[in-house]
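Enquirer:
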Ligand code: 26Q
């Protein structure tokens, strides 16, 4: 976007005065932010409109990314960067006597996602727009996002996330695009004009779905795509039927709050309502769009791709069938061909407890017509496959079985592509978890390793590192991240290595200022910063990290004169409110922090910082300051992970199991530049199969580990009587499901190697440089290019496509 500083200052001041009718000098940062956001939205509205029109007029194929979560982070800076006016605006604001960073911070970070899956969806939106691909997001406009986390006496307490308190400058409400979503009622057959019997719905509850659109600004390419989030309202003409507040609330509830569970399926009706609500609204709006093209239904898959992000939107499959059958009068065969060709599905988990299934009775009652369609999909699926695969295999792939509708089965049968999110994850899907389906449909399966947007996670989060890279290899890497590898040429350049060290130190100082001001914890910026930031879950093994910290603590207590590398252990993690074990681990970490941080003898040899309310904004502060990246999940459990990529991109060295995308990180950066430990996925499988794992024996025969574990129950760590006992028992007596005891020794050994290497700053910085320079392949731009070419078959609309 062309904008001079002079013009910006004039126009922005004018916008402010138009909005508020007083002088900007007397305003708050929130008001300044609000005016700036509105100013920007106005300035790209023309491009937004043009992008839309171009897609429609040229009838290009578009993708619709259906996701129950989007986790975009603050949008002001990223929009400025992508519009190409970050420096102009920043300078202009300084001229006006305003504090740019204060303005940036007054934007509320929208928490419309739990973690990895939602953040991935937003990285993808950024890459789709930046590559000039015609693509749109479809999701839910939650009134309240993921809870705000507070610690009270070390326990997690959840507070509501009222993210819309100050309004939302980026969204545009579009009443004119509202659609009706129907729940409940009965299905009957009524004779149509042509004499056919047609399914008709009676006594349904009709909900108005109102879209709020947000522009997805492409990186300096004038492309503005659309993210459409739906809000539930009472249709005005039906107001009269709502007599009580409770009845009205029931409607608003649908889009009231994001479910805070990221790895456990809880089968509540409201959640199913949410899933159908945004999928049905999305399908209807795609259909409305398609009708404008005037093309025949047979061409639908040539113009529309619909991607379902995990199984949460998989009702899109029977919903598209329903519309084609009941509203557009297509035959089953025609509708099914179109549906399969249109839909594609990404799986994000292999955890059994996270697999979605809904009781038949619930689906029947809430979505009677959809249930009929699913039944027919299932009937035909079974009928067709029985003769080919025999009854055992075929019935294991049933969509309806054991009283449930199995959403993954529906998603696989109803789409043409099924992908995992890292090489190992896809292998496990094909050969283990989804092997029955892989036998039936080998060609559907493919891998798309996750990626992250380097724009948010490097350009914005780490401007100094970005400048250093620019000064060494030029700026082409910004549109072609593969070029980052050119940075490897500086592996022996002392000046570059020292510079890397200095930049890291400055970022660490920034984080230290945060912990001092916000948490009252003083940390030494010269200490090694060790980071584990992700949702709290047993399989991610934050507890293994804790056992290592306890081991260090004991070492220091045994010999207070010990010369040990000072370390700060940084945690950020929310636990699902109903996940009591995860919450007990939070309490344990906080209690341990209390003990260690206040122990004079320990001093700054060891500190623990558990940041409250970890989310995208805190990630942007922590990741540039990180030196060690903890990626220590039990092999075979983490589908991909994406913080591993962000941390590597910012020069942290990874300590990892061979899990998720860590495997590919190892392949690209080389085994010498990261620290591997622990069981691999084969070994885990064998131990699980032959039942030969006995953690109790390890406890009894490994004196050091025994000592470490005993601190959980012997009063060493104060105020964790209950939690310490539960955690101890889970490891020692209740079979240690995630093999912490087994992996303990090799983890400690890897940590010792890290300490040793850290003594040699040059060698450390060389490995750090290798990590930065090897992270290009994990750009979401590449991931999205592969989705676009191999699954969606959509083309970039840029004249000058980045190669
Ligand atoms: C489903 C039904 C009912 C309630 C909640 C849910 C639900 C919501 C969110 C289930 C799962 C999620 C999110 C899962 C998730 O974030 N998975 C992560 O996805 C990342 C992106 O692919 C991977 O990198 C992580 O490995 C994976 O854990």
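Numbering (UniProt numbering), first residue to last: 1 to 803.
All residues carry an ideal CB built from backbone N, CA and C; glycine is no exception.
Thinking C-beta only, is residue 418 closer than 9 Å to residue 344?
Expert: With a cutoff of 9 Å on beta-carbon distance, residue 344 and residue 418 are scored as near each other.
Enquirer: Within 10 Å of its beta-carbon, does residue 659 have 16 or more other beta-carbons around it, so buried, or fewer, so exposed?
Expert: buried
Enquirer: Can you name the residues that DSSP bridges to residue 173?
Expert: For residue 173, which the question treats as bridged, DSSP gives the partners 212.
Enquirer: Do you know how far the Cα of residue 104 is from the Cα of residue 565?
Expert: 36 Å
Enquirer: Would you call the segment 577-593 and the segment 645-662 in contact, with 3 or more CB pairs under 8 Å?
Expert: no
Enquirer: Once you ignore the five residues that flank residue 357 on each side, which residues in its own chain have a CB closer than 6 Å to its CB?
Expert: Here the set comprises 404, 406.
Enquirer: Check each candidate in 498, 580, 205 and name the one with the smallest Cα separation from residue 764.
Expert: 498
Enquirer: Please list, in chain order, all residues of the same chain as residue 158 whose beta carbon is under 6 Å from its beta carbon, the five residues on each side excluded.
Expert: 147, 577
Enquirer: Got a sec? Which residues, its chain only, sit under 6 Å from residue 303 by beta carbon, not counting five neighbours each side?
Expert: 61
Enquirer: Please give me, in chain order, every unbroken run of the alpha helix (DSSP H) with length at least 4 that falls completely inside the segment 432-504.
Expert: 435-440, 463-473
Enquirer: Residues in its own chain within less than 6 Å of residue 29 by CB, not counting five upstream and five downstream?
Expert: Short of 6 Å from the beta carbon of residue 29, and not among the five residues preceding or following it, lie these beta carbons of its own chain, in chain order: 102, 103, 106.
Enquirer: Once you ignore the five residues that flank residue 189 on each side, which residues in its own chain have a CB closer than 8 Å to its CB?
Expert: 197, 198, 199, 200
Enquirer: Is residue 409 near the ligand 26Q - that is, is its Cβ less than 8 Å away from at least one heavy atom of it?
Expert: no
Enquirer: Do residue 227 and residue 42 come within 9 Å of each other at the CB atom, strictly closer than that value?
Expert: no
Enquirer: Please work out which residues of its chain come closer than 6 Å, Cβ to Cβ, to residue 462, disregarding the five sequence neighbours upstream and downstream, and give them in chain order.
Expert: 624, 650
Enquirer: In this structure, does DSSP put residue 650 in helix, strand or coil?
Expert: coil
Enquirer: Helix, strand or coil for residue 220, going by three-state DSSP, please let me know.
Expert: coil
Enquirer: What does residue 406 pair with, by DSSP beta-bridge criteria?
Expert: 357.
Enquirer: Just to confirm, does residue 883 get its C-beta within under 8 Å of one of the non-hydrogen atoms of the ligand 26Q?
Expert: Outside the modelled stretch of the chain, which goes from 1 to 803, sits residue 883, for which no answer is possible.
Enquirer: Is the beta carbon of residue 506 less than 9 Å from the beta carbon of residue 464?
Expert: yes
Enquirer: Could you check what DSSP says for residue 779 in three-state terms: helix, strand or coil?
Expert: It is a strand residue.
Enquirer: Alpha carbon to alpha carbon, how far is residue 743 from residue 628?
Expert: Spanning the two alpha carbons is a distance of roughly 18 Å.
Enquirer: In the DSSP assignment, the beta strand (DSSP E) including residue 343 goes from what residue to what residue?
Expert: 343-346
Enquirer: Quick check on residue 400: does DSSP put it in helix, strand or coil?
Expert: strand
Enquirer: By the three-class DSSP mapping on this structure, what secondary structure does residue 416 have?
Expert: coil
Enquirer: Taking residue 20 as part of the alpha helix (DSSP H), name the residues at either end of that continuous run.
Expert: 5-20
Enquirer: Could you tell me the alpha carbon to alpha carbon distance between residue 734 and residue 126, rounded to whole angstroms?
Expert: C-alpha separation (whole angstroms): 44 Å.
Enquirer: To which residues of the same chain is residue 572 closer than 7 Å at the C-beta, ignoring the five residues directly before and after it?
Expert: 533, 611, 614, 618, 622
Enquirer: For the candidate residues 167, 732, 161, 328, whose alpha-carbon lies nearest to that of residue 260?
Expert: 161
Enquirer: Which residue wins for smallest C-alpha separation from residue 529, given the options 538, 519, 570?
Expert: 570
Enquirer: What residue ranges within the segment 304-388 form continuous alpha helix (DSSP H) runs of no fewer than 4 residues, ordered along the chain?
Expert: 316-322, 332-342, 360-366
Enquirer: Cutting at 6 Å between CB atoms, please list the residues of its own chain near residue 711, excluding the five before and the five after it.
Expert: 550, 717
Enquirer: How about the segment 234-242 and the segment 136-153: do they share at least three Cβ pairs that are nearer than 8 Å?
Expert: Three or more beta-carbon pairs separated by less than 8 Å are not found between the segment 234-242 and the segment 136-153, which leaves the two stretches without contact.
Enquirer: Taking buried to mean at least 16 other C-beta atoms within 10 Å of its own C-beta, is residue 115 buried or exposed?
Expert: buried
Enquirer: Using the rule of at least 16 other Cβ atoms within 10 Å of the residue's Cβ for burial, across every protein chain shown, is residue 431 buried or exposed?
Expert: exposed
Enquirer: Take residue 14 and list the residues in its own chain whose beta-carbon comes closer than 6 Å to its own, dropping the five residues that flank it on each side.
Expert: none
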